[in-house]
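Chemist: Chains as they are written, first to last, in the numbering used here: chain A, 124 to 291; chain B, 124 to 291. Don't be surprised by glycine CBs; every beta carbon is placed ideally from N, CA and C. Please read through the structure below; I'll follow up with questions.
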DNA sequence: CGAATATTTCAATAAGTTTTGAAAGTTCAA
DNA sequence: TTGAACTTTCAAAACTTATTGAAATATTCG
């Protein structure tokens, strides 16, 4: 396989994966591009490589920076801004987990907590079923939260290696 | 808080969470509705409760059945079909993990495997950076895959309880 | 069988999301 | 202070995805 084909395939696959996870395709593609770039890239180079507009490039690079997986760097002697991706995939994974937890899981936990405080006849089967479901989800969510926090806190690979030893 | 408000809030929160995870909003809302229903519900009741069309209800209920988290049941004496959701949240979680892994992670692993076989000058910094990235992602993906498989296989709660003991 | 009831399909439409590109804003060297 | 180089913004357009509803198909019962 030629390098250029492999590169295109990788960018495409990463874009697809991103799309399925609610990250927009272009954002994931820019990330892919930067992941395999040996040097920092400018906005212009990104636009050119992916054939996207300036606005689109700007917006998605900024979002990648918000997620903490891309950084602006200054190249001495250049006026332009350049960008690099965090290359340690473990760190990328924890950054994404942290961000999604904050944006998605935490608000749901908050709502669930509220929903425990309903009033009404505790014998009504609708109310009983509701309370039971909410409580089960809450339990599950807290466990997930704990596991996720452990993952996020771990800066090294010990999480998985320990885990794998235990579950085999 | 009134029961009807709590119910509406729960359905809305679950729908939002689903949407962020690439599951369509209506599908997640139907799931929420069935999760808290004390009895099986008919298509009609679902349409009414969520104010959606027959086609929409039909399509999303079917998809939930594909995911293995909703089942058709026959109520004696009734001509209509009724639906129930799996109430064990742990099982719901593993079913979702299984399905997403199959649909999303597995194809990416397959592509990555291909991408190792690129030819070209091994000293070229672009090619070196590319190979390194692919290999790192592959390693990470395999670890994730292993963890996910363990989660999916576990029918009981031992996964989390063991995990939590270990990571503390 | 045939009528009544229930379910599924799917083309048209609506809703939602992403992308563009031009204009406005910023920075900085001269 | 000016203007060239660069970045950011945002309304409109393109594209994608979800929803409707009516027609087609299937199922059940007398």
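Counting only beta-carbon separations shorter than 8 Å, does residue 134 of chain B have a partner in chain A?
Modeler: For residue 134 of chain B, the answer is no, since every Cβ of chain A falls outside 8 Å of its Cβ.
Chemist: Alpha helix (DSSP H) containing residue 294 of chain B: first to last residue?
Modeler: Nothing can be reported for residue 294 of chain B, as the shown portion of chain B is limited to 124 through 291.
Chemist: Measuring only between beta-carbons, confirm whether residue 154 of chain A sits less than 8 Å from chain B.
Modeler: Not one chain B Cβ lies under 8 Å of residue 154 of chain A.
Chemist: Once DSSP output is grouped into helix, strand and coil, what is the label at residue 207 of chain B?
Modeler: Looking at residue 207 of chain B - three-state DSSP - the assignment turns out to be strand.
Chemist: What would DSSP say about residue 234 of chain B, mapped onto helix, strand or coil?
Modeler: Note: residue 234 of chain B maps to helix in three-state DSSP.
Chemist: Judging by CA-CA distance, which residue of B:221, B:174, B:163, B:172 is the nearest neighbour of residue 190 of chain B?
Modeler: For residue 190 of chain B, the nearest C-alpha among the options comes from B:221.
Chemist: Tell me the DSSP bridge mates of residue 171 of chain A?
Modeler: Answer by DSSP bridge pairing: none, since residue 171 of chain A is not bridged.
Chemist: Let's test the definition: count the other Cβ atoms within 10 Å of the Cβ of residue 150 of chain B and tell me whether it reaches 16, buried, or not, exposed.
Modeler: Buried is the call here.
Chemist: Beta-carbon within less than 8 Å of residue 141 of chain B's beta-carbon, same chain only, minus the 5 sequence neighbours each way: which residues are those?
Modeler: Cβ neighbours of residue 141 of chain B beyond the five flanking positions: 147, 148, 150, 151, 152, 154.
Chemist: Under 8 Å Cβ to Cβ from residue 184 of chain B, same chain only, skipping five residues before and after it: list those, please.
Modeler: Excluding sequence neighbours, residue 184 of chain B sits near 153, 166, 169, 193, 206.
Chemist: According to the Cβ coordinates, are residue 209 of chain A and residue 143 of chain B closer than 8 Å?
Modeler: Taking 8 Å as the Cβ cut-off, residue 209 of chain A and residue 143 of chain B do not qualify as a contacting pair.
Chemist: Should residue 195 of chain B be labelled buried (16 or more other beta-carbon atoms within 10 Å of its own) or exposed?
Modeler: Exposed is the call here.
Chemist: Considering only DSSP beta bridges, list what residue 186 of chain B is partnered with.
Modeler: According to DSSP, which records beta bridges pairwise, residue 186 of chain B is partnered with nothing at all.
Chemist: Looking at the secondary structure, which residues open and close the beta strand (DSSP E) in which residue 196 of chain A lies?
Modeler: Where residue 196 of chain A is concerned, the enclosing beta strand (DSSP E) stretches over 193-196.
Chemist: In this structure, does DSSP put residue 176 of chain B in helix, strand or coil?
Modeler: If DSSP states are grouped into helix, strand and coil, residue 176 of chain B belongs with coil.
Chemist: Do residue 235 of chain B and residue 269 of chain B count as a contact pair if the criterion is CB distance below 8 Å?
Modeler: Not in contact: residue 269 of chain B and residue 235 of chain B (Cβ atoms no closer than 8 Å).
Chemist: At the 8 Å Cβ level, is residue 214 of chain B part of the contact set with chain A, yes or no?
Modeler: False, the Cβ-Cβ gap to chain A never drops below 8 Å.
Chemist: By alpha-carbon positions, which one of B:257, B:229, B:232 ends up nearest to residue 241 of chain B?
Modeler: If we check each option's Cα against that of residue 241 of chain B, B:257 comes out closest.
Chemist: Please state whether the Cβ-Cβ distance between residue 253 of chain B and residue 130 of chain A is less than 8 Å.
Modeler: For residue 253 of chain B and residue 130 of chain A, yes; Cβs fall inside 8 Å.
Chemist: Can you round the beta-carbon distance between residue 159 of chain B and residue 133 of chain B to whole angstroms, since I take them to be within the 8 Å contact cut?
Modeler: Right, their Cβ atoms sit about 7 Å apart.
Chemist: Measure from the C-beta of residue 234 of chain A to each C-beta in chain B and report whether the shortest distance is under 8 Å.
Modeler: Answer yes: the Cβ-Cβ gap between residue 234 of chain A and chain B drops below 8 Å somewhere.
Chemist: Tell me whether the beta-carbon of residue 173 of chain B lies closer than 8 Å to the beta-carbon of residue 156 of chain B.
Modeler: Yes, the pair counts as a contact, with Cβ atoms nearer than the cut-off.
Chemist: Once the 5 residues before and after residue 87 of chain A are set aside, which same chain residues still bring their CB inside 8 Å of it?
Modeler: The structure shown has nothing for residue 87 of chain A, since chain A only spans 124 to 291.
Chemist: Based on the DSSP output, what are the partners of residue 150 of chain B in its beta bridges?
Modeler: DSSP lists no partner for residue 150 of chain B.
Chemist: Excluding the 5 residues flanking residue 232 of chain B on each side, which residues of the same chain have their C-beta closer than 8 Å to its C-beta?
Modeler: So the list reads 261, 264, 265, 268, once near-sequence residues are dropped.
Chemist: For residue 224 of chain A, which residues of its own chain have a beta-carbon under 6 Å away from its beta-carbon, when the five flanking residues on both sides are left out?
Modeler: If we look at residue 224 of chain A and ignore the five residues flanking it on each side, its Cβ neighbours are 271.
Chemist: Are the C-beta atoms of residue 252 of chain A and some chain B residue less than 8 Å apart?
Modeler: Interface residue, yes.
Chemist: So, does the CB of residue 231 of chain B fall closer than 8 Å to a CB anywhere in chain A?
Modeler: Yes, residue 231 of chain B counts as interfacial toward chain A.
Chemist: Residues in the stretch 124-150 of chain B with C-beta within 9 Å of chain A's C-beta atoms, listed in sequence order?
Modeler: Taking 9 Å as the Cβ-Cβ cut-off against chain A, the residues of the stretch 124-150 of chain B that qualify are 124, 125, 126, 128, 129, 130, 132, 133, 135, 136, 137, 139, 140, 142, 143, 144, 145.
Chemist: Under a CB-based cut-off of 8 Å, is residue 256 of chain A close to chain B?
Modeler: Taking Cβ atoms only, chain B reaches closer than 8 Å to residue 256 of chain A, which makes this a yes.
Chemist: At the 8 Å Cβ level, is residue 192 of chain B part of the contact set with chain A, yes or no?
Modeler: Chain A contact via Cβ: absent.
Chemist: Is the Cβ of residue 161 of chain B closer than 8 Å to any Cβ of chain A?
Modeler: Closer than 8 Å: yes.
Chemist: How is the alpha helix (DSSP H) around residue 138 of chain A delimited, first residue to last?
Modeler: Its alpha helix (DSSP H) spans residues 126-143.
Chemist: Would you list, in chain order, the members of the stretch 258-269 of chain B that have their beta-carbon closer than 7 Å to a beta-carbon of chain A?
Modeler: For the stretch 258-269 of chain B, which is checked against every Cβ of chain A, the residues closer than 7 Å are 259, 260, 263, 266, 269.
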